[in-house]
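Letter 139 of the sequence shown, counting from 1, is numbered 139 in the UniProt record's numbering, and no numbers are missing. Cβ atoms here follow ideal geometry from the backbone N, Cα and C, with glycine treated the same way. Keep in mind the model is a prediction, meaning the values are calculated, not measured. Have a look at the structure below before the remarks.
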Amino acid sequence: MIKLISIAAIADNNAIGKNNDLVWHLPDDFKRFKALTSGHYIILGRKTFESFPKPLPHRTHVIITRQNDYKAENHLVVNSLNEAIAAIPKNEEKAFIIGGGEIYKQAMSRVDELEITHVNTTVEGDAFFPEIDLKLWKVANEEFHPKDERHQFSFTYKTYLRR
């Protein structure tokens with residue numbers, strides 16, 4: 001059985017983006033995202049895919065869109081979260097949900113783990129991560145990262161496991 005993991009950086013108000021872009025630049029969070037997701041399938045919405053300057057290397061993209069004629073060369077294109085999950089080979093041990101807000105919301109009841117970077121700020125956003133209900137999730141690991149010359153905000157990596 002494939003372990004499904006949602007991975008996101010979220011503000012104190014659960015904002016994850018605005019105008020189809022990230023709302024901060026956190027180099028260490030990017031490194032962690034790359035380390036965790038490289039070599040795996042990533043499930044994402046079309047708008048999130050289109051927000052990248054180029055596809056993310058060393059990952060197989062499964063793009064969810066309602067557009068029946070959408071083409072993304074060398075990537076899997078599906079019309080629903082169920083199709084995205086079904087498209088992942090059974091021998092894969094895990095796959096990552098990487099956004100956007102609507103895909104996170106649809107996946108919340110299906111994921112086994114959350115890899116969340118809690119960014120210590122409130123920002124204006126138009127895309128949000130769903131509320132994390134601590135009755136359903138427990139923190140298995142956390143690591144604080146202070147604000148520094150390369151990071152505008154302090155943040156905490158937290159791994160949540162379903163109770």
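Between the C-alpha atoms of K138 and R163, what's the straight-line distance to the nearest angstrom?
6 Å
Minimum C-alpha distance to G45 - residue among Q67, P130, S38
Q67
Just the C-alpha distance for G17 and G125, rounded to the nearest angstrom, thanks.
Whole-angstrom Cα-Cα distance: 5 Å.
Below 9 Å between beta carbons: does that hold for I98 and I42?
Taking a C-beta distance under 9 Å as the contact criterion, I98 and I42 qualify as a contact pair.
Entirely within the UniProt domain "DHFR" (3-162) and at least 4 residues each: give me those alpha helix (DSSP H) ranges in chain order.
27-37, 46-51, 81-86, 101-107
My understanding is that A84 touches I64, with C-beta atoms under 8 Å, so please give their C-beta distance in whole angstroms.
The pair is a contact, with the Cβ atoms about 5 Å apart (cut-off 8 Å).
Assuming contact is defined by CB atoms lying nearer than 9 Å, are E131 and N14 in contact in what I supplied?
Closer than 9 Å, so yes.
Rounded to whole angstroms, what is the Cα-Cα separation between N120 and D12?
6 Å
Of the residues L76, I7, L26, which one's Cα is nearest the Cα of P146?
L26
Taking Q106 as the reference, which of H118, D28, N79, L36 has the closest Cα?
Minimum Cα-Cα distance from Q106 among the listed residues H118, D28, N79, L36 corresponds to N79.
Determine, using beta carbons only, whether A9 and L22 come nearer to each other than 9 Å.
yes
Below 9 Å between beta carbons: does that hold for Y157 and I103?
no
Using 10 angstroms around the beta-carbon of G100, count the other beta-carbons present and answer buried if the total reaches 16, otherwise exposed.
buried
Same chain only: Cβ atoms within 7 Å of R32, ignoring 5 sequence neighbours per side:
Y157
Straight-line CA distance for L40 to K47?
In the sequence under discussion, the amino acid at residue 40 is His, which differs from the Leu named in the question. Rounded to the nearest angstrom, the two C-alpha atoms are 20 Å apart.
Can you give the Cα-Cα distance for D28 and V111, rounded to whole angstroms?
24 Å
Could you pull out every residue in the same chain whose Cβ sits closer than 6 Å to the Cβ of A140, ignoring the five residues on either side in sequence?
T159, L161
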